[in-house]
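The letter at position 205 of the sequence shown is residue 204 when you use numbering that gives the first Met the number 0, and the numbering goes up by one with no holes.
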Amino acid sequence: MSVRLPGTPFHTALRQAIRSRRLSLQRLHDHLADKGVHVSVSTLSNWQRGNARPTRPNSRLVLRALEDVLGVSGLGTLALGPVRQRRSLSTSRRPGTIGRQEVEIARGSVGVLVAHESLRVGHGRYDWTLHVRLTVRARVAGADRLVVHHQADRGVIPAARAGEGCVIGRSRVEGSTGLVAVELLLPAPLAQGETCPVEYQITLPAGNHYPHHGRWLDEAGQIYDLSIRFADPAMAKETHRIWHIERNSPFRDVGQLRLIAGTLLHFVGVDLPPGYHGVRWG
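Following this line, the structure appears as structure tokens:
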């Protein structure tokens, strides 16, 4: 196979070659490592999306290894040639900010089957760290990203860090509600119906955060497994499951929960209805 196509940019040729070999970025990373060439999954993702190109002194070695693994030729010429002018971003949004329409497109492309969340609440509610593991399924062929939503206090901007199976993309903060949308880029486009595990972490900076946590479920039938560990047992003398269907409606208590060993709160919901499911404490 050759990628020496007139006018083909490096990132397009690389993406086509990866798809042709049906490799995930993690598998490509592993094959390169077997050859003694170490390139991170996030770097490979940026290369195939056109966000960056190989520019380090060892680029020729890396590109030769890429050509060997992918069974192509010409990547080096495309990568080290002149940079083509990219289309400018729309003035309706800042670079790094995902638009509302893009959020809706991503929502329709990938669905969440299972959500596992583990939240650590530090002393005085000032330190929150949330680990999330999702099992997602592509609704359409070629789906390569999803958008997750998390509630934060107004004016509080959470930090997102990628784990296995994704790269952090753009984000959006709704100032009126504190709802934060974060784009997660998958390692490779999925076939329709294909599933993929995704892990990431959300950290809230110091602040007097609301004493509740949960997750918005966009469709019925999902599984939600939530565990919360409190550094101070006195923070959660009473705990309740909560739910509401509309973002502007008040929470409704749907059951009382008991702390395990004084510090661990846990519930798992199966075949849940749409809406916001979570817990509150006080």
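By construction, the Cβ of each residue, glycine as well, lies at the ideal position given by its N, Cα and C atoms.
Every value quoted in this text rests on a predicted model; they were computed, and no experiment measured them.
Asked, Found
"Alpha-carbon spacing of A161 relative to Y199, whole angstroms", "4 Å"
"Top-ranked residue by Cα proximity to W127, from R228, S44, D143, D33", "R228"
"Helix, strand or coil at I227 according to DSSP, with G and I counted as helix", "strand"
"Beta-bridge partners of P196, as assigned by DSSP", "T134"
"Cβ pair L145, A114 closer than 8 Å", "no"
"Where S117 sits in the DSSP three-state scheme", "strand"
"Distance, Q255 Cα to E163 Cα", "34 Å"
"Inter-residue spacing [alpha-carbon to alpha-carbon] between P8 and A51", "12 Å"
"Q191 versus D217, L65, I222, A137, residue with shortest Cα-Cα distance", "A137"
"Coil, strand or helix - D33 by DSSP", "helix"
"Where T128 sits in the DSSP three-state scheme", "strand"
"Rounded separation between A159 and G277 - CA only", "20 Å"
"Local conformation of V267 per DSSP, three classes", "strand"
"Under the three-state DSSP convention, the category G73 falls into", "coil"
"Per DSSP, the bridge partner or partners of V181", "V147, S170"
"Limits of the alpha helix (DSSP H) - the one that R48 falls within", "40-48"
"Cutoff 7 Å; reference H243; Cβ partners in own chain excluding five residues on either side", "P249, F250, R251, G274, Y275"
"Residues of its chain near R85, where Cβ-Cβ distance is below 6 Å and the 5 sequence neighbours each way are ignored", "Because R85 sits at a pLDDT of 37, beneath the cut-off of 50, its placement in the model cannot be relied upon, and the following sentence gives the value as read from the coordinates. No residues qualify anywhere along the chain."
"CB of I17 within 8 Å of CB of L62, strictly", "no"
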